[in-house]
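Numbering (the working numbering), first residue to last: 5 to 120. Scroll down for the structure; my scribbles are underneath it.
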C-alpha cells in the first residue's frame with residue numbers, strides 16, 4: 005500500500021459536483037437552442053442597384069424572397085441583373101450571419117468557452 009493510504013479508505017469522489025456541472029451544461033444547451041430558434045424566426049433584407057433588387061433572407065440562411073423592379077429587366081443585359089441579385093443576396097446573407105453571431109455572442113460571452 006502506498007504511503008499515507010489506509011486499508012478500506014477510498015479517495016473522495018466529486019459525484020455531486022459532476023451532477024451540478026451536467027445540469028448547468030444542460031441549461032446552457034437549452035438556452036442556446038432557444039436563442040437559435042429565435043434567430044431562425046428573424047429575417048433581413050438587402051438591396052442593390054439603388055433598390056432595383058431586394059433579397060430577403062431568413063435566420064435559417066435561406067433566401068425567402070427576391071423582388072426585382074421591372075425597369076431593371078433588360079433582355080440585352082442579363083449579366084447586370086445577375087450581378088444585382090448576387091450582390092443583394094450576398095449582403096443579406098452577410099447581415100444574417102452578423103445578426104446570428106451577435107445574438108449568440110451575447111449569450112456565449114460570459115461562458116468562457118473557447119471557440120464560441
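Glycine included, each C-beta is placed from N, C-alpha and C at the ideal position. None of these values were measured; they are calculated from a predicted model.
**Item:** Of the residues 67, 57, 62 and 104, the one placed nearest residue 84, counting alpha carbons only
**Value:** The residue given as residue 84 occupies position 80 in the chain shown. Looking at the Cα atoms, 57 is the closest of the given residues.
**Proximal residues to residue 100 (C-beta, below 7 angstroms), its chain only, five neighbours per side dropped** = The count along the chain shown starts at 1 and reaches residue 100 at position 96. Here the set comprises 48, 61, 63 and 65.
**Asked** If you run the structure through DSSP and keep just helix, strand and coil, what is residue 87?
**Response** Taking the first residue of the chain shown as position 1, residue 87 is located at position 83. DSSP places residue 87 in helix when its eight states are reduced to three.
**Exposure of residue 70, with buried meaning 16 or more beta-carbon neighbours within 10 Å** = Mapped onto the chain shown, residue 70 falls at position 66. Classification for residue 70: exposed.
**Message:** Quick check on DSSP: helix, strand or coil for residue 31?
**Reply:** Your numbering for residue 31 matches position 27 in the chain shown. Helix.
**Request:** May I have the straight-line CA-CA distance separating residue 34 from residue 90, to the nearest angstrom?
**Result:** The count along the chain shown starts at 1 and reaches residue 34 at position 30. The count along the chain shown starts at 1 and reaches residue 90 at position 86. Taking the straight line joining both Cα atoms gives about 36 angstroms.
**beta strand (DSSP E) segment containing residue 69, residue limits** = In the chain shown, counting from the first residue as 1, residue 69 sits at position 65. Run containing residue 69: 67–72, per the beta strand (DSSP E) assignment.
**Asked** From residue 36 to residue 21, what does the alpha carbon distance come to, in whole angstroms?
**Response** The residue you call residue 36 lines up with position 32 of the chain shown. The residue you call residue 21 lines up with position 17 of the chain shown. Going by the C-alpha atoms only, they are around 23 angstroms apart.
**Item:** Simplified DSSP assignment, three categories, for residue 60
**Value:** If you number the chain shown from 1, residue 60 lands on position 56. Strand at residue 60.
**Message:** Please report the straight-line C-alpha distance between residue 24 and residue 31, rounded to a whole angstrom.
**Reply:** Numbered from 1 along the chain shown, position 20 holds the residue referred to as residue 24. Numbered from 1 along the chain shown, position 27 holds the residue referred to as residue 31. For residue 24 and residue 31, the distance between alpha carbons rounds to 11 angstroms.
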